[in-house]
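Per the working numbering, residue 4 is the first one in the sequence shown, and the count goes up by one each step.
Some notes on the structure that comes next.
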Amino acid sequence: ELESDEKHHLARKLGMLFQQGALFDTMTTLENVEFPIREHYDLPEEEVYEHAKELLTKVNLGDSFDKKPSQLSGGMQRRLGIARALALNPEVIFYDDPVAGQDPIQSDQVSTLMMEFKKKNNSTLIVTTSNMRVAYKIADRIFMLIDQEIIEAGTPEQTKNHKDPRIQQFIHGDLNGPIQIK
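Right, here's the structure in full:
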């Protein structure tokens, strides 16, 4: 079992966006982002507030500081989860379908934010998505799970030109092909 200091160190290194949000319903958006910062860092309240405010503004929730998650749309809840996942400046971030419920403009904004954070902090992103536009934008390497088989499709360019007909069927959204809908 990990000691308390090891748990805090590990938590600062890993960020996670859960598919269902895992937000604190009784806290405001601001409090949801401030919470992990307070748990893992001994910072003055003004710094905690400013960091949380900056993250919420970056995910386009700057006017929703006092709202509870239940008062937000599904897409807004998703962006709140992203802000909270980034709160500790983690080295590795797991995103479970980060653009689900987002319109194309918001998806692009979220993808851009993820890339900016990755570049700024030299972070590793591990992302699950079925949105190939997002995958092409943010991925260095793409892996696909097809019929319980993990296939390394390669870089975005290699994926677009991959010879496996299952990959081509998926990325083009074709109904006819080797992948059968059950």
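Using N, Cα and C, we set each Cβ at its ideal position, and we do this for glycine too.
Residue i: CB within 8 Å of a non-hydrogen atom of the ligand MN
{"i": "Thr-60", "result": "Absent from the structure shown: the ligand MN. Ligands present: none."}
Where residue i sits in the DSSP three-state scheme
{"i": "Ala-138", "result": "helix"}
{"i": "Gly-157", "result": "strand"}
{"i": "Gly-180", "result": "coil"}
{"i": "Phe-38", "result": "helix"}
{"i": "Met-79", "result": "helix"}
{"i": "His-11", "result": "Interpretation of His-11 is limited by its pLDDT of 48, a score under 50 that renders its predicted location unreliable; the figure taken from the coordinates is listed afterwards. The answer is helix: DSSP assigns His-11 an H, G or I state."}
{"i": "Tyr-52", "result": "helix"}
{"i": "Asn-124", "result": "helix"}
{"i": "Ala-86", "result": "helix"}
{"i": "Leu-58", "result": "helix"}
{"i": "Leu-33", "result": "helix"}
Rounded C-alpha distance that separates residue i from residue j
{"i": "Arg-193", "j": "Gln-112", "result": "In the structure as shown, the chain begins at 4 and stops at 185. Residue 193 is therefore absent and cannot be evaluated."}
{"i": "Met-117", "j": "Ile-141", "result": "8 Å"}
{"i": "Asp-150", "j": "Gly-104", "result": "25 Å"}
{"i": "Leu-5", "j": "Leu-64", "result": "Interpretation of Leu-5 is limited by its pLDDT of 47, a score under 50 that renders its predicted location unreliable; the figure taken from the coordinates is listed afterwards. If I take the Cα positions, the gap works out to 35 Å."}
{"i": "Ile-184", "j": "Leu-83", "result": "33 Å"}
{"i": "Thr-127", "j": "Glu-94", "result": "6 Å"}
{"i": "Gln-80", "j": "Leu-148", "result": "27 Å"}
{"i": "Asn-92", "j": "Asn-124", "result": "7 Å"}
{"i": "Leu-33", "j": "Ser-76", "result": "16 Å"}
{"i": "Ile-57", "j": "Thr-115", "result": "According to the sequence as given, residue 57 is Glu; it is not Ile. Approximately 16 Å between the Cα atoms of the pair."}
{"i": "Leu-26", "j": "Asn-35", "result": "7 Å"}
{"i": "Ile-96", "j": "Ile-182", "result": "30 Å"}
{"i": "Phe-146", "j": "Leu-178", "result": "21 Å"}
{"i": "Val-130", "j": "Val-137", "result": "10 Å"}
{"i": "Glu-160", "j": "Asp-45", "result": "44 Å"}
{"i": "Glu-53", "j": "Leu-59", "result": "10 Å"}
Bridge-paired residues (DSSP) for residue i
{"i": "Leu-148", "result": "Ile-153"}
Supposed close pair residue i, residue j - CB separation, criterion 8 Å
{"i": "Asp-28", "j": "Lys-71", "result": "6 Å"}
{"i": "Ala-86", "j": "Ile-40", "result": "The Cβ separation is near 11 Å, so there is no contact."}
{"i": "Pro-168", "j": "Gly-180", "result": "6 Å"}
{"i": "Met-135", "j": "Ile-108", "result": "Between Ile-108 and Met-135 the Cβ distance is about 17 Å, and since that is not below 8 Å, they are no contact."}
{"i": "Ile-170", "j": "Thr-162", "result": "7 Å"}
{"i": "Ala-55", "j": "Glu-37", "result": "5 Å"}
| request: Examine the Cβ distances between the region 95-110 and the region 48-60 and report whether three or more of them are shorter than 8 Å. | output: Contact between the region 95-110 and the region 48-60 is absent, with fewer than three C-beta pairs closer than 8 Å.
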